[in-house]
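Numbering (UniProt numbering), first residue to last: 1 to 247.
These notes are about the structure you will find just below.
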Amino acid sequence: ALPSRRFNRQRVDPKNVASIILGGGAGTHLFPLTRRAATPAVPIGGCYKLIDIPMSNCINSGINKIFVLTQFNSASLNRHVARTYYGNGINFGDGFVEILAATQTSGEAGKKWFQGTADAVRQFIWVFEDAKNRNIENVVILCGDHLYRMDYMEFVQSHVDGNADITISCVTMDNSRASDYGLVKIDGRGRIVQFSEKPKGADLKAMQTDTTLLGLSPQEAASCPYIASMGVYVFKTDVLLKLLRWR
């Protein structure tokens, strides 16, 4: 018998994976809670903040190199991260939690605020060019204000097993909420062939797809005919840097 691919596959070392958690923008959907705080700093479950969800997912996944990009109403978010994750008994081993705040410097980041999530990462591209981070082979990019539980290393392992440059985590979605998300269409191999950001009307209907490809029954697929991006991405580091340098 042929040896199983499962036992021959390359296991991904969490030490070679970093995560970037995005601090978010104005957070108008949660106003007035975001009047003086970034959305990831909104309280949840007593003493916790929304950012503790992706942080906890990272730590429990074994990812201990964590960057937090902040800009809008960032004071309370920066304070919470500093008080919660610096020297409070959480063992990061050779890892770290580092806040990358939009600041005034002599470079481009000092002349322009972040123009979006991709630009926020692009303005700190130098972090991954630093010698201490050159062993990072894959980068997980996360939103700081989403509520879910996920093992990111299973996600990264699937990304590596598929030899993908970029992998997007998705969920099936029903008609009532689909227009609030970026929607994708995939082929039989799971490759994305079309993407539409928060489509409406005819554009929304055009993004309906056969979600039995994802293991849904015909009945479930009929009620959830869309595939929505979760805003959770993994990039090969060299691919990410190449895309961010591209003009």
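Cβ coordinates follow ideal geometry from the N, Cα and C atoms, glycine included.
- In the three-state DSSP reduction, residue 76 falls in the helix class (H, G or I).
- Annotation for residue 224: no alpha helix (DSSP H) segment contains it, and DSSP assigns it neither H nor E.
- Closest option to residue 80, judged by alpha-carbon separation, among 98, 93, 209, 94: 98.
- Residue 168 has its alpha-carbon roughly 6 Å from the corresponding atom of residue 232.
- Nearest to residue 227 by alpha-carbon distance, out of 45, 63, 207, 219, is 207.
- Using a Cβ distance threshold of 8 Å, residue 140 and residue 234 count as a contacting pair.
- If you check the CB distance, residue 57 and residue 149 come in under 8 Å.
- Annotated three-state conformation of residue 205 is helix, per DSSP.
- Judged by their CB atoms, residue 77 and residue 51 are nearer to each other than the 8 Å cut-off.
- Take the alpha-carbon of residue 155 and the one of residue 173: they are about 20 Å apart.
- Residue ranges of uninterrupted beta strand (DSSP E) with 3 or more members, entirely inside the stretch 133-163 and ordered along the chain, are 138-143.
- With 16 or more other Cβ atoms inside 10 Å of its own Cβ, residue 23 counts as buried.
- Within the same chain, 99 come within 8 Å of residue 82 by CB-CB distance, once the 5 residues on both sides are set aside.
- Between the alpha carbons of residue 213 and residue 188 lies a distance of about 7 Å.
- Taken through DSSP and simplified to helix, strand or coil, residue 218 comes out as helix.
- In the DSSP assignment, residue 70 falls within the beta strand (DSSP E) that extends over 65-70.
- By alpha-carbon distance to residue 198, the top candidate from 177, 241, 36 is 177.
- Of the other Cβ atoms in all chains shown, 16 or more fall within 10 Å of the Cβ of residue 73; this residue is therefore buried.
- Boundaries of the beta strand (DSSP E) harbouring residue 167: 166-173, taken from the DSSP string.
- Residue 230 is not a Cβ neighbour of residue 12, given a cutoff of 8 Å.
- A distance of 8 Å or more separates the beta carbons of residue 14 and residue 145.
- For residue 59, the enclosing alpha helix (DSSP H) has its first and last residue at 52-61.
- Around the CB of residue 86, fewer than 16 other CB atoms lie within 10 Å, so the residue is classed as exposed.
- For the set 218, 21, 179, the Cα lying nearest the Cα of residue 196 is the one of 179.
- Residue 185 sits in a strand when the DSSP states are folded into three classes.
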